[in-house]
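I have placed the structure first, in the form of structure tokens, so that the comments after it can refer back to it.
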Amino acid sequence: MKKRHLMLTVIVITTGLFLLGCSDDGGSASSDLVIMNAKVFTSDTSNPSAQAVAVRNGRITYVGDDSGVLAYIGPNTHVVDGQENMLTPGFIDNHCHVLWIGALQALMTKELYKATSVDEIRAFVQRYANENPDHAIVMGVGWKYDYIPGEMPDKNLGDSIISDRPMLLMSYGGNSGWLNSMAVKQLEQRNATAFRHLAPAIDSEGEYTGVLKHFHAFNPLDFYSIEELGTNIKLKMFNEITKILNDGLSYGVTGYNDVQIYKSFIPMLLEFRDQGGLDNVRARGSYYVGSHSLEDEVGLKSSLEYWKSLHSAKSDAHLVLGDSVKLYIEGVFDSHTCLLLEPYTDQPNNYGEATWTQEDFNKVIEIIDGMGIQCCTHASGDGGIRRVINAYENAITVNGYRDARHRLEHCDLPEPTQDQPRMAKLGIYAAMQPNHFFGNSNAEKLLGLDRLQRFEPWGSLEKLDINLSFGSDWAAGPLNPIYGMFLATQRLNYKFEGNWGPDEKILIENAIRHYTIDSANALRMEKEIGSIEVGKYGDFVLFNIDLGIIASDWFLIEYPIQVEGMVVTGWEDFVVMTVVGGKIVYQKSGEQ
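The number in the working numbering is simply the position in the sequence shown, starting from 1, with 80 added.
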């Protein structure tokens with residue numbers, strides 16, 4: 081044992097005996113948990129570092145040096161020796177789908193992420209179908225465009241995989257769906273309106289091709305009852321959510337913004353919460369508002385009133401509902417459905433497409449903003465981003481300025497000379513997911529090398545003091561924040577080359593803040609979480625490495641990785657302990 085550790089042990093024992101003799105209750109300031117002898121990165125700019133933290137009744141009561149924390153130790157205090165390791169606030173994922181897509185994991189195979197050919201897709205899907213004969217539909221997630229003939233599948237190819245049950249496969253980015261003939265027929269028959277809202281592609285003869293361009297909006301409960309989906313499927317869904325949340329705790333993720341919650345899912349989510357499913361984490365849900373919503377404006381306003389009522393009626397310390405919504409202005413780059421200011425490099429006449437006209441989007445944002453609800457809009461292309469900024473600006477003109485914190489989700493390609501300064505002026509937040517920067521073999525073909533120099537411009541946004549927050553976009557990317565922080569500081573692409581805008585790298589200290597206090601701001605929860613400050617919830621993570629090494633040249637050599645779908649192998653063991661509300665909710669095996 082190091083001399084410092086031995087001295088610390090003696091101090092703790094001596095102080096505990098002294099307090100035991102002086103106070104029947106262990107001292108008026110006695111805490112439930114104390115972590116000392118740590119390198120504390122607080123994400124609080126007014127007090128950026130410390131050695132020790134104390135928590136009582138779930139909230140932080142002390143942040144300072146080791147000597148000062150001794151007054152907070154009583155006979156019942158659990159004292160943890162940080163062994164001079166790094167302690168940070170719990171990481172907050174600003175944009176993910178751990179609740180809704182987490183639940184859907186009970187209905188789908190994830191092996192498609194591993195596939196490199198249609199033949200492998202066929203083998204994975206057929207095996208999953210055979211293993212789950214009780215499922216009304218066969219689902220999977222993870223197929224990619226590059227090995228599909230013509231880079232886009234169809235129902236005939238789907239029928240060659242499985243034809244006796246509806247097959248619905250989600251692309252690796254989550255926006256495109258691939259259906260077989262039975263799925264096309266059944267979805268249209270069961271709910272023609274919901275099917276139309278998924279934007280089914282049509283061929284030159286007016287027939288459905290089997291591709292849904294807005295599969296991100298697919299909700300199986302629009303077409304099937306929970307009972308038909310599978311035996312004990314609700315329990316299986318709850319188990320899948322629990323599994324991904326536990327994975328997150330092992331990575332140091334304590335907070336989530338699930339940005340796509342459906343009305344039909346809310347009762348299940350509340351049931352999961354009431355059964356204790358969210359006791360070890362904090363989550364916020366954002367209500368999905370589809371691009372068809374203005375077809376029934378009265379119904380839209382009624383749904384938003386219901387959603388808003390949940391903020392006071394159903395929210396608590398572990399689940400916040402009713403204060404934000406999710407919209408889409410466009411699709412994704414890989415399917416040429418992001419709206420661009422200049423055409424795609426590989427299709428000189430194609431600028432992409434938007435899911436809303438500017439007029440309609442202005443109107444829906446006016447309505448939502450006028451109700452005091454935060455807007456979180458999927459916007460990746462520079463054309464789509466501009467359309468969203470226009471609508472947010474219009475809402476300020478119509479409704480007046482407030483601290484709305486309207487967000488651009490992804491914000492991959494904001495135009496630098498006009499739109500980035502407008503974001504700063506209007507107080508628009510950039511909710512980004514650095515793991516998207518890694519890209520794939522299509523990136524240069526679609527956007528060209530010149531545009532990739534301003535792709536994911538974290539450094540430029542920082543210079544403009546735009547609130548920049550980080551997340552994972554799980555299940556479209558790995559949940560582990562180490563992966564995102566590595567890309568934010570190293571800017572290596574899928575070829576592990578650094579030629580896509582190297583000047584946009586950021587400091588690791590900033591990356592940590594974007595994943596903690598800045599994400600808390602983006603969730604409008606900064607008064608409760610996001611930094612290690614007295615009065616906030618005791619949510620923090622103890623690492624066995626100094627996160628500063630992530631930005632070093634030798635990090636990949638020392639800690640090699642393999643990226644497979646949404647799993648990063650090799651970076652799983654950096655977290656020693658994760659604490660939520662002063663309760664240890666994850667501890668690495670073998671650690672005391």
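Every residue gets a Cβ at the ideal spot worked out from N, C-alpha and C, and that includes glycine. No experiment lies behind these values; they were computed from the predicted model shown.
DSSP, reduced to helix, strand and coil, places HIS391 within a helical segment of the structure shown.
The stretch 469-477 and the stretch 186-199 do not touch, with fewer than three beta-carbon pairs separated by less than 8 Å.
Taken through DSSP and simplified to helix, strand or coil, THR497 comes out as coil. Shown here for ASP483: not one same chain residue has a beta carbon closer than 7 Å to its own, the five before and five after excluded. For ARG136, the enclosing beta strand (DSSP E) starts and ends at 132-136. Per the coordinates, the alpha-carbon of ILE140 lies some 29 Å from the alpha-carbon of LEU349.
Counting the other CB atoms within 10 Å of its CB gives PRO169 a total of 16 or more, which places it among the buried residues. Contact annotation, VAL114 with VAL149: C-beta distance approximately 6 Å; criterion of less than 8 Å satisfied. Counting only runs of at least 3 residues, the stretch 233-283 fully encloses the following beta strand (DSSP E) elements, listed from N- to C-terminal order: 247-251, 257-259, 280-282.
Contact between GLU536 and MET565 fails: their C-beta atoms lie close to 13 Å from each other, not under 8 Å. Restricting attention to PRO501, ALA523, ILE453, ILE597, the CA atom closest to the CA of ASP426 is found in ALA523. Here GLU446 is not near VAL405, since their CB atoms are 8 Å or more apart. Bridge partners of THR125 according to DSSP: none are assigned. Rounded to whole angstroms, the gap between the alpha carbons of ASP359 and GLU285 is 53 Å. In the DSSP assignment, ILE115 falls outside any alpha helix (DSSP H) and lies within the beta strand (DSSP E) extending over 113-116. In terms of Cα proximity to GLY581, the closest of TRP538, LEU559, MET451, LEU380 is TRP538. Per DSSP, the continuous alpha helix (DSSP H) segment holding ILE324 begins and ends at 313-331. In the pairwise beta carbon analysis, the stretch 360-368 is classified as touching the stretch 327-334: at least three pairs are separated by under 8 Å. Between CYS491 and ILE465, the beta carbon gap of about 6 Å places them in contact (Cβ cut-off 8 Å). In the structure shown, LEU420 adopts coil according to DSSP, grouped into three states. The three-state reading of DSSP puts SER521 in coil, since its state is none of H, G, I, E or B. Closest by C-alpha distance to TYR424, out of GLY463, MET503, LEU325, TYR208, is GLY463.
According to the DSSP assignment, PHE441 belongs to the alpha helix (DSSP H) that extends over 438-450.
For PRO169, the uninterrupted beta strand (DSSP E) segment begins and ends at 166-169.
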